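Enquirer: In our numbering, the protein residues as written are 12 to 350.
(1) Any contact of the region 195-205 with the region 222-229, i.e. 3+ C-beta pairs under 8 Å?
(2) Report the residue from 126, 161, 265 whose alpha carbon sits nearest the alpha carbon of residue 141.
(3) Which value, in whole angstroms, describes the spacing of the CA atoms of residue 211 and residue 155?
(4) Please classify residue 259 as buried or exposed, where buried requires at least 16 other C-beta atoms within 10 Å of its C-beta.
(5) As a quick exercise: from 284, 165, 120, 137, pick the residue whose alpha carbon is nearest that of residue 256.
(6) Taking three-plus beta-carbon pairs below 8 Å as touching, is the region 246-255 in contact with the region 184-192?
(7) For residue 168, report the span of its alpha helix (DSSP H) as first-last.
(8) My assumption, with CB atoms under 8 Å, is that residue 193 sits in contact with residue 136. Please give the rounded CB distance.
(9) Mapping the DSSP letters down to three states, classify residue 247 as helix, strand or coil.
(10) Applying the 10 Å Cβ sphere with the 16-neighbour rule, what's the burial state of residue 220?
(11) On the three-state DSSP scale, how would you describe residue 213?
(12) Please classify residue 296: is it buried, with 16 or more other beta-carbons within 10 angstroms of its beta-carbon, or exposed?
(13) Tell me the rounded alpha-carbon separation between residue 223 and residue 112.
(14) Which of the three DSSP states is assigned to residue 193 in this structure?
(15) Mind listing, in chain order, the continuous alpha helix (DSSP H) runs of no fewer than 4 residues lying wholly within the region 108-157?
(16) Hey, how far is the Cα of residue 180 from the Cα of residue 326?
(17) Taking 8 Å as the cut-off, decide whether the C-beta atoms of residue 133 and residue 271 are in contact.
(18) Within its chain, find whatever has a CB closer than 8 Å to the CB of residue 196; leave out the 5 residues flanking it on each side and keep chain order.
(19) In terms of residue numbering, what span does the alpha helix (DSSP H) encompassing residue 292 cover?
(20) For the alpha helix (DSSP H) holding residue 301, just list the boundary residues, first then last.
(21) Quick check on residue 284: does DSSP put it in helix, strand or coil?
(22) Within the continuous alpha helix (DSSP H) that includes residue 313, where are the two ends?
(23) Going by alpha carbons, who is nearest to residue 178 out of 277, 314, 264?
(24) Checking 8 Å against the spacing of the C-beta atoms, do residue 130 and residue 278 come in under that value?
(25) Shortest alpha-carbon distance to residue 115 belongs to which of 287, 318, 312?
(26) On a Cα-Cα basis, can you pick out the residue from 280, 151, 245 that is closest to residue 124?
(27) By Cβ distance below 8 Å, which residues in the same chain neighbour residue 273 in space, the five residues on each side in sequence not counted?
(28) Looking only at its chain, what residues have a beta carbon closer than 6 Å to the beta carbon of residue 249, apart from the 5 residues adjacent to it on each side?
(29) Round the Cβ separation of residue 358 and residue 175 to the nearest angstrom and send it over; I've been treating them as touching at under 8 Å.
(30) Measure the alpha-carbon distance for residue 206 versus residue 105 and round it to whole angstroms.
(31) Rounded to whole angstroms, what is the Cα-Cα separation between residue 110 and residue 294?
(32) Nearest CA to the CA of residue 163: which residue from 208, 262, 235, 269?
(33) For residue 323, which of helix, strand or coil comes out of DSSP?
(34) Alpha carbon to alpha carbon, how far is residue 148 from residue 218?
(35) Kindly indicate which residue of 191, 290, 235 has the alpha-carbon position closest to the one of residue 247.
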């Protein structure tokens, strides 16, 4: 089976053999060679046009340049580039009915908002772990400052995903010939976030952590309520066909000037962790070549800079979903307790 690493290694080998290149030199390693007999890799490399290939290679080089200082986030993002610009399947005209429902454990009427919110639940899990484990209390000032900057970026991302949700509502309304408006009370979550900022430079730092947890808990409940309200309304006015057509139209209609581009990169980077590879490819194939180029270029780099802020903490970038209000710890029974 051809893996993402096979493709990345072959891309690097191809890059090394190309005389003219605007890409920064890649780190050399004896393992990074492409086997001439690997026809699958050769086919995939030839499927790239020059602009697409250089865009991915530039991003790989940029990520590799951060590997030594920020290996967790750089390695995680490099792995998902295999899904971009690889012409091994015809373009997806529409997501099939039932796409992603089993993996995400949702019904058709819950899919739209749940898909857009899913990466944020993982973000909240990471932030909770950093606070509740005591890492934030033990962290040096520079890492505490980086965490606060990450949380500020997360707050901005919540605002940006609202742009995609509004566009999605418009597409749904056109299809079902209804005017759809969602009124969600984010005021308390906003207030709690602003309150947390006042404690960021106070002692003890635990007070700041407590305020961050209050903000995350309120935001999570707000997102859940918004999803439930939207799912109920969708079940009344729409159909599975309309819902997946709206999702398809939302992402197929993205443009390189998309102001929420970093959210699209965030979503696509999360997908391989939560969805089967075929579902990821079906989704990526909705996107235009120009948008895929943006995802593998400037949008991904912006998202990488955001992730790099958590590099000093023990974060699990392979997480895909989370049960935020309940945790089950599993450990072996003591030998004396085994019946």
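Idealized CB from N, CA, C, for every residue including glycine.
This one's a predicted model, so the numbers in the text were calculated from it and none came from an experiment.
Expert: Quick look at the numbers:
(1) By the criterion of at least three beta-carbon pairs nearer than 8 Å, the region 195-205 is in contact with the region 222-229.
(2) The residue you call residue 141 lines up with position 130 of the chain shown. Residue 141 has its Cα closest to that of 161, out of 126, 161, 265.
(3) Taking the first residue of the chain shown as 1, we reach residue 211 at position 200. Taking the first residue of the chain shown as 1, we reach residue 155 at position 144. CA-to-CA, the gap between residue 211 and residue 155 works out to about 9 Å.
(4) Position 248 of the chain shown, counted from the first residue, corresponds to residue 259. Sixteen is the threshold: when 16 or more other Cβ atoms of the shown chains lie within 10 Å of the Cβ of residue 259, as they do, the residue is buried.
(5) Reading the chain shown from its first residue, position 245 is the one you call residue 256. Residue 120 is the option with its Cα nearest to residue 256.
(6) With the cut-off at 8 Å, the region 246-255 and the region 184-192 touch.
(7) Position 157 of the chain shown holds residue 168. Unbroken alpha helix (DSSP H) run through residue 168: 152-187.
(8) Along the chain shown, read from residue 1 onward, the residue named residue 193 stands at position 182. Along the chain shown, read from residue 1 onward, the residue named residue 136 stands at position 125. With 8 Å as the limit, residue 193 and residue 136 do not qualify as a contact, their Cβ atoms being about 25 Å apart.
(9) Taking the chain shown and counting its residues from 1, one reaches residue 247 at position 236. Three-state DSSP puts residue 247 in a helix.
(10) Translated into the one-based positions of the chain shown, residue 220 becomes position 209. The residue in question, residue 220, is buried, as its Cβ has 16 or more Cβ neighbours within 10 Å.
(11) Counting from 1 along the chain shown, the entry for residue 213 is found at position 202. Of the three classes helix, strand and coil, the one that applies to residue 213 here is coil, per DSSP.
(12) On the chain shown, position 285 is the one that residue 296 refers to. With 16 or more Cβ atoms within 10 Å of its Cβ, residue 296 is classed as buried.
(13) Within the chain shown, the letter at position 212 stands for residue 223. Within the chain shown, the letter at position 101 stands for residue 112. So the alpha carbons of these two residues sit roughly 32 Å apart.
(14) Here the question's residue 193 lines up with position 182 in the chain shown. Three-state result, residue 193: coil.
(15) Those alpha helix (DSSP H) runs which fall completely within the region 108-157 and span 4+ residues are 112-115, 122-143, 146-149.
(16) By one-based count along the chain shown, residue 180 stands at place 169. By one-based count along the chain shown, residue 326 stands at place 315. Looking at the two C-alpha atoms, the distance is approximately 34 Å.
(17) Counting from 1 along the chain shown, the entry for residue 133 is found at position 122. Counting from 1 along the chain shown, the entry for residue 271 is found at position 260. Cβ atoms of residue 133 and residue 271: not closer than 8 Å.
(18) Stepping through the chain shown from its first residue, residue 196 is reached at position 185. Excluding sequence neighbours, residue 196 sits near 233.
(19) Numbered from 1 along the chain shown, position 281 holds the residue referred to as residue 292. Counting along the chain, the alpha helix (DSSP H) containing residue 292 begins and ends at 288-295.
(20) Start at 1 with the first residue of the chain shown, and residue 301 comes out as number 290. Looking at the DSSP string, the run of the alpha helix (DSSP H) that includes residue 301 is 300-305.
(21) In the chain shown, the residue the question calls residue 284 occupies position 273. Residue 284 falls in the helix class under three-state DSSP.
(22) Indexing the chain shown from 1 puts residue 313 at position 302. Counting along the chain, the alpha helix (DSSP H) containing residue 313 begins and ends at 311-319.
(23) Reading the chain shown from its first residue, position 167 is the one you call residue 178. Ranked by Cα distance from residue 178, the first of 277, 314, 264 is 264.
(24) Position 119 of the chain shown, counted from the first residue, corresponds to residue 130. Position 267 of the chain shown, counted from the first residue, corresponds to residue 278. Yes, they are a contact pair.
(25) Within the chain shown, residue 115 is the residue found at index 104, counting from 1. For residue 115, the nearest C-alpha among the options comes from 287.
(26) Taking the first residue of the chain shown as 1, we reach residue 124 at position 113. Of the candidates 280, 151, 245, the one whose C-alpha sits nearest the C-alpha of residue 124 is 245.
(27) Counting from 1 along the chain shown, the entry for residue 273 is found at position 262. Contacts found: 168, 171, 310, 313, 314, 317.
(28) Position 238 of the chain shown, counting from 1, holds the residue named residue 249. When the five nearest sequence neighbours on each side are left out, the beta carbons in the same chain lying within less than 6 Å of the beta carbon of residue 249 are those of 187, in order along the chain.
(29) The structure shown does not extend to residue 358, since the chain spans only 12 to 350, so no value can be given for it.
(30) For this step, residue 206 is matched to residue 195 along the chain shown. For this step, residue 105 is matched to residue 94 along the chain shown. Each residue's Cα considered, the two are about 44 Å apart.
(31) Indexing the chain shown from 1 puts residue 110 at position 99. Indexing the chain shown from 1 puts residue 294 at position 283. If I take the Cα positions, the gap works out to 9 Å.
(32) Here residue 163 corresponds to residue number 152 of the chain shown, with the count starting at 1. The option with the nearest alpha carbon to residue 163 is 208.
(33) Walking along the chain shown from the start, residue 323 turns up at place 312. Note: residue 323 maps to coil in three-state DSSP.
(34) In the chain shown, the residue the question calls residue 148 occupies position 137. In the chain shown, the residue the question calls residue 218 occupies position 207. The straight-line gap from Cα to Cα measures roughly 10 Å.
(35) As a first step, residue 247 must be located in the chain shown, where it is residue number 236. Looking from the CA of residue 247, the closest CA among 191, 290, 235 belongs to 191.
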